[in-house]
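Enquirer: My structure is below; once you've seen it, I'll send some questions.
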Amino acid sequence: MMPDLGKYAGPVLGAYAASIVLILLLVGISLWRGSRMRRALEEAEARQGQDHG
């Protein structure tokens, strides 16, 4: 399954690991910001609902 990378195995696997970590970090930040924005929107809608009756 895994090709023989020879002397480049370390850098290639390191690059794969770094890429996976960065992708997971971006997904985590996106989910965190999404939940924060959803909460802010719900609070704003609740305030607007109280103001208008």
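When we follow my numbering, the leftmost residue of the sequence shown carries the number 1105, and every step to the right adds one.
Cβ coordinates follow ideal geometry from the N, Cα and C atoms, glycine included.
1. Would you check if the distance between the CB atom of Leu1109 and the CB atom of Val1116 is smaller than 7 Å?
2. Under the three-state reduction of DSSP, which class applies to Pro1115: helix, strand or coil?
3. Would you report the Cα separation of Arg1166 and Ala1144, rounded to the nearest angstrom?
4. Please state the DSSP three-state secondary structure of Asp1108.
Expert: Inspection of the coordinates gives the following:
1. Here residue 1109 refers to the residue found at position 5 of the sequence shown. Here residue 1116 refers to the residue found at position 12 of the sequence shown. Result yes, Cβ atoms of Leu1109 and Val1116 sit closer than 7 Å.
2. Within the sequence shown, the letter at position 11 stands for residue 1115. DSSP places Pro1115 in the helix class (H, G or I) of the three-state scheme.
3. Because residue 1166 is not part of the residues shown, which for the chain are 1105 to 1157, the question remains open.
4. Here the question's residue 1108 lines up with position 4 in the sequence shown. Asp1108 falls in the coil class under three-state DSSP.
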